[in-house]
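Residues 0 to 109 in numbering that gives the first Met the number 0 are what the sequence shown lists, from first letter to last.
Single-structure report; data block below.
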Amino acid sequence: MEARARAKQVRVSPFKVRQVLPLIRGKKVGDALVVLRYTPKKAAKVIEKVLKSAVANAEHNYGLDIDKLVVVEAFADQGPSMKRFRPVSMGRAHPYRHRTSHITVSVAER
């Protein structure tokens, strides 16, 4: 049985989230949480929350043993971009995008 958790419209770009996700893929949940705790990236804190949520879902919904859980799948998709403008000289404006991401983490017993 596989438990899944998803965080939607997280205010971190998917590129930055994808830099952290390979660190936890395929690892035991305890090891993955330790790695995320000491990773100096903003995305690591968000991924840690999603992983804890997936573990809670596995325990509560399916009655799985937490000590046997492994991160099976972890990926980030692009969410909607907030479009904004920054004023520049001579009355002009330059557009920029605040990118968001949808983070999904799945855990299962091995």
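By construction, the Cβ of each residue, glycine as well, lies at the ideal position given by its N, Cα and C atoms.
Since this is a predicted model, take the numbers as computed values, not measurements.
Span of the beta strand (DSSP E), counted from its first residue to its last, around residue i
i   : result
P86 : 81–86
P94 : 92–97
D76 : 68–77
Other residues of its chain near residue i: CB distance less than 6 Å, five sequence neighbours each side excluded
i   : result
F98 : Here the sequence assigns Arg to residue 98, which means Phe is not the residue at that position. So the list reads S12, S80, once near-sequence residues are dropped.
L20 : A73
Y6  : A small fix is needed here, since residue 6 is Ala in this sequence, not Tyr. If we look at A6 and ignore the five residues flanking it on each side, its Cβ neighbours are V49, I102.
Q8  : G78, T99
M0  : Y61
Cβ neighbour criterion (16 or more within 10 Å) applied to residue i
i   : result
S88 : exposed
A42 : buried
V33 : exposed
A75 : buried
A31 : buried
7 Å Cβ shell around residue i - same chain, five flanking residues per side excluded
i   : result
A53 : A2, R3, A4, V104, S105, V106
E58 : I65
Cutoff 8 Å; reference residue i; Cβ partners in own chain excluding five residues on either side
i   : result
R83 : P94, Y95, R96, H97
Residue interval of the alpha helix (DSSP H) (run including residue i)
i  : result
R3 : Run containing R3: none in the alpha helix (DSSP H); it sits in the beta strand (DSSP E), 1–9.
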